[in-house]
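Trainee:
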Amino acid sequence: FRVTTFGESHGPAIGCVVDGCPPGIAIAPEDFAHDLSRRATGKTRHTSARHEADEVEILSGVYEGVTTGTPIALLVRNTDQRSKDYTAIAAQFRPGHADYTYWHKYGLRDPRGGGRSSARETTMRVAAAVLAKKWLADRFGVSVRGCMGQIGDIVPETHDWHAVEANPFFWPDAAQVPELEAFMDALRKSGDSVGARVTVVADGVPPGWGEPVYGKLDGELAEAMMSINAVKGVEIGDGFASVAQKGTTHRDVMTPGGFLSNHAGGILGGISTGQQVVVSVAFKPTSSLRLPVQGVDVDGNVVDVITTGRHDPCVGIRATPICEAMLALVLMDQALRHRAQCGDVGGVVPRIPPSAGG
Ligand code: EPS
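Taking full-length UniProt numbering, I'd label the letters of the sequence shown as residues 8 to 365.
1. What's the call for L267, buried or exposed, on a 16-neighbour Cβ count within 10 Å?
2. DSSP three-state label for L338, please.
3. Beta carbon of V208, beta carbon of V285: below 8 angstroms?
4. Would you say Q341 and W142 are within 8 angstroms of each other, going by their C-beta atoms?
5. Mind checking whether A289 and G202 have CB atoms under 8 angstroms apart?
6. Suppose the cutoff is 6 angstroms on Cβ atoms and the five residues either side in sequence are ignored; what does the same chain contact list for M191 look like?
7. Do E331 and the ligand EPS come close, with the Cβ less than 7 angstroms from some heavy atom?
8. Look at the alpha carbon of L228 and the alpha carbon of G264, and state the distance between them as a whole number of angstroms.
9. On the premise that D210 lies in contact with Q301, defined as a C-beta separation below 8 angstroms, what is that separation, rounded to the nearest angstrom?
10. Is the closest heavy atom of the ligand EPS to the C-beta of A126 under 7 angstroms?
11. To the nearest whole angstrom, what separates the beta carbons of G31 and V73, a pair I think is in contact under 8 angstroms?
12. What does the Cβ neighbour count give for K140, buried or exposed, with the cut at 16 atoms within 10 Å?
13. Taking the C-alpha atoms as reference points, what is the distance between M155 and L115?
14. Where does G364 sit, in a helix, a strand or coil, going by DSSP?
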């Protein structure tokens, strides 16, 4: 199961090709709307003001409402691109932005905004993952969901999944939403940006998905999450907190009824344990800022870089559906590989042998 995307933020369209999708999955253009709208810009004052229709056209791989097993091509036409926003910095590098490394790699500059490095590209990951989420749910009862785990220094005080979809931040504590609104309003007015943590979980993953050495489930999740733009860190389960833990704390005690904790984040030795799979992702602060900063241009001259246009003061705010998408895509691929090698053993309730005796 493989997904590739194409298109630029200010080109005519973006799209993806999904290879290796099983036949028989019922899918219609309207099935993409919910998740694409959760990710979209222009929904609240806390994200980029760009208004895209984000309507999916299915070009191939679906016949009479079901996937055929052939490559699925999905297309989203850009409807609100405005590349003139970038005229002033077309020959400059934004400090902290990928346009510096793209230029060194390719030796030329597409002046139309971020192009491939724009968060616009993530639209198609979310679209492709609609298929994966559906297949995982129908076939295995696996569900994938996520929330914001931190913005700047602010962390949730309580966790209620019902609160998450009822505020623009995917925040799990409804009582803190006014504080976040005030924080983001002040940040936007100041012209600055901020980082964020997003946590995504998968429930219902059977034990056994993932490969033991090459193709570890956690390894592929880390790669998938790091491939999202602006990501600077990925944790599985307790992640970096494990550094300060003792083995007696970190080990997840096993009983005949299952594990008593989940410090491992549902993965041991690269293979799912049957517990909740837990992944946290760190997003850096947006680098496109209207606050001036010293930089250089393509000729090496010192310049003041000021980025105008429509930007997210916190890219993490729209990232929950993107991280969910990458989790679902990796899980679907691992599920198919597991089935190919080991047969259709998924969905078995974990059975932990008693620890007593030998
Ligand atoms: C982005 C800059 C803005 C955002 C964009 C991500 O767009 P533009 O390319 O017009 O400057 O609106 O996000 C989207 C358009 C989207 O759909 O996510 C950036 O620099 O990453």
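Where a beta carbon is used, it is the ideal one built from N, C-alpha and C, also for glycine.
Mentor: In short, the structure shows the following:
1. On the sequence shown, position 260 is the one that residue 267 refers to. The residue in question, L267, is exposed, as its Cβ has fewer than 16 Cβ neighbours within 10 Å.
2. Mapped onto the sequence shown, residue 338 falls at position 331. For L338, the three-state secondary structure derived from DSSP is helix.
3. Position 201 of the sequence shown, counting from 1, holds the residue named residue 208. Position 278 of the sequence shown, counting from 1, holds the residue named residue 285. Contact flag set, yes.
4. Position 334 of the sequence shown, counting from 1, holds the residue named residue 341. Position 135 of the sequence shown, counting from 1, holds the residue named residue 142. With respect to W142, Q341 sits apart: the two C-beta atoms are not nearer than 8 angstroms.
5. Here the question's residue 289 lines up with position 282 in the sequence shown. Here the question's residue 202 lines up with position 195 in the sequence shown. Closer than 8 angstroms, so yes.
6. For the purposes of this step, residue 191 is taken as the residue at position 184 of the sequence shown. The beta carbon of M191 sits closer than 6 angstroms to the beta carbons of H53 from its chain, once the five residues preceding and following it are set aside; these are given in chain order.
7. Along the sequence shown, one-based indexing puts residue 331 at 324. No, Cβ of E331 sits at least 7 angstroms from all heavy atoms of the ligand EPS.
8. Position 221 of the sequence shown holds residue 228. Position 257 of the sequence shown holds residue 264. So the alpha carbons of these two residues sit roughly 28 angstroms apart.
9. Position 294 of the sequence shown holds residue 301. Position 203 of the sequence shown holds residue 210. In fact, because the Cβ distance is near 48 angstroms, the residues do not count as touching under 8 angstroms.
10. Position 119 of the sequence shown, counting from 1, holds the residue named residue 126. Result yes, Cβ under 7 angstroms from the ligand EPS.
11. Translated into the one-based positions of the sequence shown, residue 31 becomes position 24. Translated into the one-based positions of the sequence shown, residue 73 becomes position 66. Rounded, the Cβ-Cβ distance is 5 angstroms, consistent with contact.
12. Residue 140 sits at position 133 when you count from the first residue of the sequence shown. Per the 10 Å Cβ criterion, buried.
13. Along the sequence shown, one-based indexing puts residue 155 at 148. Along the sequence shown, one-based indexing puts residue 115 at 108. Going by the C-alpha atoms only, they are around 37 angstroms apart.
14. The sequence position of residue 364 within the sequence shown is 357, counting from 1. Unreliable placement is indicated for G364, whose pLDDT of 36 sits below 50; the coordinate value is still reported in the next sentence. Residue state, collapsed to three classes: coil.
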